[in-house]
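Quick note: the sequence shown uses the working numbering, first residue 5, plus one each step. Cβ atoms here follow ideal geometry from the backbone N, Cα and C, with glycine treated the same way. On a predicted model such as this, the values are computed, not experimentally measured, just so you know. Only one structure is covered here, and it is reproduced in the block below.
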Amino acid sequence: MAGHSKWANIQHRKGRQDEKRGAAFSKVAKEITVAARMGGGDIAFNPRLRMAVDKAKGQNMPKDKIDNAIKKGTGELEGVEYVEIRYEGYGIGGAAVIVDCLTDNKTRTVAEVRHAFAKHGGNMGTDGCVAFQFKHCGQLIFAPGTDEAALMDAAIEAGAQDVLANDDGSIEILTAPGDFIQVKDALEAAGFKAEFGEVTMKPESESELSGDDAPRMQKLLDALENLDDVQDIYTTAVFDV
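And the structure:
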């Protein structure tokens, strides 16, 4: 993968998420509540809830906060009812951006997202304007130095769709969205624990930004990330870090 390091970009993203842990608790609590409302409060029978709870644990979210979020979803505790909404647009250099939100007020959310795009040099587009540039899939990323041959054998056995070896030595396993938990569990049982894993919108191709464009794009992404209603952001932009 020429020009940039996949591994460095992943570490950069994780580092920025860690800096915003308090906000991350609020966002993952929303996801837990919505997942529990849609599929019930038992993680054994609700894959979306299982992923949300795993994310919360990965961020060291206290167990009582996780339990309360589940109870809000199942109606055992009073809570706000959120709806899911997706916005699409363009960032610096035409890089594609998808913004997934959970909100109790769509009018407020669309205004805030549009303002963030406009203020930081991007523009919000219409539904579907960039979604075709992404693949909905499960993604597991393993650190450089992982035994590629052994991981590939285990991944194929587990039902993964693809194994990608990056130039920086990191390895990506791609799965169908519904197979993510199954493949992740099978690989962990085989001794392979991913450094990063999620069901995501993976860019089909990437837009490498450097010079002044990189910090400008980061400011746009940070502005979107800081909005209370924004849950996840996906972009074709990558940085020379």
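By the 16-neighbour rule on beta-carbons within 10 angstroms, Arg112 is exposed. Nearest in C-alpha terms to Pro207, of all of Asn230, Leu213 and His140, is His140. Taken in chain order, the whole beta strand (DSSP E) runs of length 3 or more contained in the region 137 to 173 are 138 to 146 and 166 to 169. A residue is called buried once 16 or more other Cβ atoms fall within 10 Å of its Cβ, and Met65 is buried on that count.
Here the alpha carbons of Met42 and Ala227 stand approximately 29 Å from one another.
The shortest C-alpha to C-alpha distance from Gly129 to any of Ala153, Gly149, Ala154 and Gly98 is the one to Gly98. For Val101, the number of other beta carbons within 10 angstroms of its own is at least 16, and it is reported as buried. Contact annotation: Cys105 and Val187 have beta-carbon atoms that are not nearer than 8 Å.
Around the C-beta of Ala164, 16 or more other C-beta atoms lie within 10 Å, and the residue is accordingly described as buried. The beta-bridge partner set that DSSP reports for Gly201 consists of Leu144. For Val84, the secondary structure class from DSSP, reduced to helix, strand or coil, is coil. A Cβ-Cβ separation of about 12 Å leaves Glu210 out of contact with Asp244 under the 8 Å criterion. Going by C-alpha positions, Asn13 is about 39 Å away from Glu82. The alpha-carbon separation between Asp172 and Glu80 amounts to approximately 48 Å.
Rounded to whole angstroms, the Cβ separation of Ile89 and Gly126 is 18 Å, and the two are not in contact under 8 Å.
The C-beta distance from Ala158 to Phe196 rounds to 6 Å, short enough to fall under 8 Å. Under the 10 Å beta carbon count, Ala39 is surrounded by 16 or more other beta carbons and is classified as buried. In chain order, Lys69 and Ala73 place their CB closer than 7 Å to the CB of Ala33, counting only its own chain and leaving out the 5 sequence neighbours on each side.
Partner residues in the beta bridge of Pro207, as assigned by DSSP, are Phe138. For Gly77, the CB contacts under 6 Å within the same chain, skipping 5 residues up- and downstream, are Thr37, Ala40 and Arg41 in chain order. Between Pro181 and Val203, the C-beta gap is smaller than 8 Å, which places the two residues in contact.
Collapsing the DSSP output to three states places Gly97 in a helix.
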